[in-house]
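Chains as they are written, first to last, in my numbering: chain H, 924 to 1102; chain X, 6 to 183. All C-beta atoms in this analysis are idealised placements derived from N, C-alpha and C, irrespective of residue type, glycine included. Heads up: the structure comes next, in structure tokens.
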Amino acid sequence: MSTAEQSLAFERLVRPHFDRLYRLAWRLTGAKAEAEDLFQELLIKAYGKLDDLVEIEEPGSWLCRVMYNLFIDERRRFARRRLHTVEEGQLAGDGLEGLPGTENPVLDNERLERIRELDKALAQLSDEHRVVVLLHDTEGYKLSEIEELTGVPVGTVKSRLHRARARLREILVANGTIF
Amino acid sequence: MQNTETNRQDQEILELLKDYPMPSADAAFYDRALVRATHEGSRRQRNRWMLTGFGAAVAATIAAWMIGGMLLSDPQLSDPEMTIPGVTMALAQPRTVNLVFASATALDSARLTVSLPAGIELDGFPGQREITWETSLNEGKNLLPLTLIALTPAGGELLAHLEHENRDRTFRLRVDVT
Chain H
924 MSTAEQSLAF ERLVRPHFDR LYRLAWRLTG AKAEAEDLFQ ELLIKAYGKL DDLVEIEEPG
984 SWLCRVMYNL FIDERRRFAR RRLHTVEEGQ LAGDGLEGLP GTENPVLDNE RLERIRELDK
1044 ALAQLSDEHR VVVLLHDTEG YKLSEIEELT GVPVGTVKSR LHRARARLRE ILVANGTIF
Chain X
6 MQNTETNRQD QEILELLKDY PMPSADAAFY DRALVRATHE GSRRQRNRWM LTGFGAAVAA
66 TIAAWMIGGM LLSDPQLSDP EMTIPGVTMA LAQPRTVNLV FASATALDSA RLTVSLPAGI
126 ELDGFPGQRE ITWETSLNEG KNLLPLTLIA LTPAGGELLA HLEHENRDRT FRLRVDVT
């Protein structure tokens, strides 16, 4: 296969899954620059495994697992960068860009403030807890899908979800975001 | 009573989480990412092939180098510098030497720096005493061919410095010119 044919074959396999992968990258890293970096790294890695990829029945799930493993393997790199981003105050800014507005500006401000507090609270969770709560409660993944993605048994996923929610409640009640 | 309050708070948190924003990618980002992936993926593949894809001729060179190294490590030789593997080359005659990197695992994004003594150049990099590039290593032995050209009879020591994450290793090669 020529390089052009390889590129075309690769694009046909991966492009249908781009939105799902981008969302996952965002939920894993929590910031735009890191999400795009992780997405890019995944594509480079996947291109190197094109021969395997063409044989896989569900390339979308496979790509998600590779992305998750890439994130876990290099979490120090992403965590370091995320910390830097937070220091510059960009995490909340990036995260709020896509927030749909309502007709009521007062309500909007209140909502924005609550989302900002949620953002800060999520940043205080461990990677394992944050990822589980975001995938389950925000993205709507089933527990079994999280098990498949992370390789962590459903029982452990459930327990992480329970603890993550409890910790969020503790933080958000303490800072007055919820009563 | 407390359970009711906790349930209500949990419900509020769930609503907040459902509302947690998710910006979409820039329209051109996906296209750029694809182009970079195919370009970078091809480059890494080329690097792997460059490092591994040599046949008998290369093996012969390594064997010669290893034999040379064994002879030079003979305890009768008192000059410690002589324990470094070496090659002898003719002035202005290109000579390919092969560096061997053994790696226990496959490594992506390793950084290789070759430092050349004065008067020795790497073919294709005229005037450069230090050349750095990123490469990938396969598990096992990886070969890196370097075509050297001696511009002066001085010779000297070539250093190849390999770094990956927090680990690094330096390889030394003595170059004699006749």
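task: Could you list which residues in chain H have their beta carbon closer than 8 Å to that of Q218 of chain X, in chain order?
output: The shown model of chain X, from 6 to 183, leaves out residue 218 of chain X, and the question about it has no answer.
Alpha-carbon spacing of T1061 of chain H relative to A38 of chain X, whole angstroms: Start at 1 with the first residue of the first sequence, and residue 1061 of chain H comes out as number 138. Start at 1 with the first residue of the second sequence, and residue 38 of chain X comes out as number 33. Each residue's Cα considered, the two are about 26 Å apart.
query: Which ranges does the alpha helix (DSSP H) cover as unbroken runs of at least 4 residues, wholly within the region 1044 to 1090 of chain H, from first to last along the chain?
result: 1050 to 1056 and 1066 to 1073
Chain H within 9 Å of G58 of chain X, Cβ atoms only: Locating residue 58 of chain X in the second sequence gives position 53, where the first residue counts as 1. Residue placement at G58 of chain X cannot be trusted, given a pLDDT of 39 that sits under 50; what the coordinates show is reported in the next sentence. Taking Cβ atoms only, chain H never reaches closer than 9 Å to G58 of chain X, which makes this a no.
- request: Would you tell me roughly how many angstroms separate the C-alpha atoms of V105 of chain X and V1080 of chain H, rounded to the nearest one?
  value: Residue 105 of chain X sits at position 100 when you count from the first residue of the second sequence. Residue 1080 of chain H sits at position 157 when you count from the first residue of the first sequence. Taking the straight line from one Cα to the other gives about 45 Å.
task: Measure from the C-beta of F962 of chain H to each C-beta in chain X and report whether the shortest distance is under 9 Å.
output: Here residue 962 of chain H refers to the residue found at position 39 when the first sequence is read from its first residue. Yes, its Cβ sits closer than 9 Å to a Cβ of chain X.
field: Test: L1041 of chain H CB closer than 9 Å to a CB of chain X
entry: Counted from its first residue, the first sequence places residue 1041 of chain H at position 118. Interface residue, yes.
- request: Taking the CB atoms as reference points, tell me whether D181 of chain X and V92 of chain X lie closer together than 9 Å.
  value: Counting from 1 along the second sequence, the entry for residue 181 of chain X is found at position 176. Counting from 1 along the second sequence, the entry for residue 92 of chain X is found at position 87. Yes, these two residues count as a Cβ contact at 9 Å.
Rounded straight-line distance, which links the Cα of T118 of chain X to that of M1 of chain X: Any property of residue 1 of chain X remains undetermined from this structure, which presents chain X solely from 6 to 183.
From H:I1094, H:A954, H:A1097 and H:Y945, residue whose alpha carbon lies closest to that of A32 of chain X: For this step, residue 32 of chain X is matched to residue 27 along the second sequence. Selected option, being the one with the closest Cα: H:Y945.
- prompt: Using the beta-carbon of each residue, which ones in chain X are nearer than 7 Å to T1061 of chain H?
  reply: On the first sequence, position 138 is the one that residue 1061 of chain H refers to. What T1061 of chain H touches in chain X: L22, K23 and Y25.
- prompt: Shorter than 9 Å from the beta carbon of D15 of chain X to some beta carbon of chain H?
  reply: Stepping through the second sequence from its first residue, residue 15 of chain X is reached at position 10. Chain H contact via Cβ: present.
task: Note down, in chain order, each residue of its chain lying with its Cβ closer than 8 Å to the Cβ of L1157 of chain H, except the 5 sequence neighbours on either side.
output: Chain H is shown only over 924 to 1102; residue 1157 of chain H falls outside these bounds and no answer can be derived.
message: So, at 7 Å on beta carbons, what are the nonlocal neighbours of A969 of chain H in its own chain, with the 5 sequence-adjacent residues on each side left out?
response: Here residue 969 of chain H refers to the residue found at position 46 of the first sequence. Only V937, L976, L986 and V989 meet the Cβ criterion.
- prompt: Under a CB-based cut-off of 9 Å, is A42 of chain X close to chain H?
  reply: Walking along the second sequence from the start, residue 42 of chain X turns up at place 37. Judged by the 9 Å Cβ criterion, A42 of chain X is in contact with chain H.
query: Shortest alpha-carbon distance to I18 of chain X belongs to which of H:H1059, H:V1077 and H:E1071?
result: Within the second sequence, residue 18 of chain X is the residue found at index 13, counting from 1. Looking at the Cα atoms, H:H1059 is the closest of the given residues.
query: Can a CB atom of chain H be found closer than 9 Å to the CB of D113 of chain X?
result: As a working note, residue 113 of chain X is residue 108 in the second sequence. By this cut-off, D113 of chain X is an interface position.
- prompt: Just how far apart, CA to CA, sit Q98 of chain X and T140 of chain X?
  reply: Indexing the second sequence from 1 puts residue 98 of chain X at position 93. Indexing the second sequence from 1 puts residue 140 of chain X at position 135. C-alpha separation (whole angstroms): 27 Å.
Sub-9 Å separation of L148 of chain X and L96 of chain X beta-carbons: Translated into the one-based positions of the second sequence, residue 148 of chain X becomes position 143. Translated into the one-based positions of the second sequence, residue 96 of chain X becomes position 91. No. Outside cutoff.
query: Closer than 7 Å, Cβ to any Cβ of chain X: which residues of the region 948 to 977 of chain H, in chain order?
result: W949, K955, E959, F962, Q963, L966, I967, Y970 and G971
task: With a threshold of 16 other CB atoms inside 10 Å of the CB of A927 of chain H, please say whether the residue is buried or exposed.
output: Position 4 of the first sequence holds residue 927 of chain H. So A927 of chain H ends up on the exposed side.
- request: Look at the alpha carbon of R1092 of chain H and the alpha carbon of A948 of chain H, and state the distance between them as a whole number of angstroms.
  value: For the purposes of this step, residue 1092 of chain H is taken as the residue at position 169 of the first sequence. For the purposes of this step, residue 948 of chain H is taken as the residue at position 25 of the first sequence. Looking at the two C-alpha atoms, the distance is approximately 25 Å.
task: Could you spell out where the beta strand (DSSP E) holding M27 of chain X opens and where it closes?
output: As a working mapping, residue 27 of chain X is identified with position 22 in the second sequence. It is not in any beta strand (DSSP E) - M27 of chain X carries neither H nor E in the DSSP assignment.
query: How long is the line joining the alpha carbons of E1068 of chain H and N143 of chain X, rounded to whole angstroms?
result: Along the first sequence, read from residue 1 onward, the residue named residue 1068 of chain H stands at position 145. Along the second sequence, read from residue 1 onward, the residue named residue 143 of chain X stands at position 138. For E1068 of chain H and N143 of chain X, the distance between alpha carbons rounds to 33 Å.
- prompt: How about K146 of chain X and A107 of chain X: do their beta carbons lie closer than 9 Å?
  reply: Counting from one through the second sequence, the residue named residue 146 of chain X turns up at place 141. Counting from one through the second sequence, the residue named residue 107 of chain X turns up at place 102. Result yes, Cβ atoms of K146 of chain X and A107 of chain X sit closer than 9 Å.
message: Is it buried or exposed, A109 of chain X, if we count other Cβ atoms within 10 angstroms and call 16 or more buried?
response: Your numbering for residue 109 of chain X matches position 104 in the second sequence. By the 10 Å Cβ count, A109 of chain X comes out exposed.
query: Using a beta-carbon distance below 9 Å, is R988 of chain H in contact with chain X?
result: Your numbering for residue 988 of chain H matches position 65 in the first sequence. By this cut-off, R988 of chain H is not an interface position.
message: Taking the straight line between their C-alpha atoms, what separation do you get for D942 of chain H and R1088 of chain H?
response: Looking up residue 942 of chain H in the first sequence gives position 19. Looking up residue 1088 of chain H in the first sequence gives position 165. Rounded to the nearest angstrom, the two C-alpha atoms are 27 Å apart.
message: Against chain X, with Cβ distances strictly below 9 Å, would E934 of chain H count as a contact?
response: Here residue 934 of chain H refers to the residue found at position 11 of the first sequence. Interface residue, yes.
field: Contacting positions in the region 1064 to 1075 of chain H - beta carbon closer than 9 Å to chain X
entry: none
- request: Measuring only between beta-carbons, confirm whether L19 of chain X sits less than 9 Å from chain H.
  value: Here residue 19 of chain X is taken as the residue at index 14 of the second sequence, counted from 1. Closer than 9 Å: yes.
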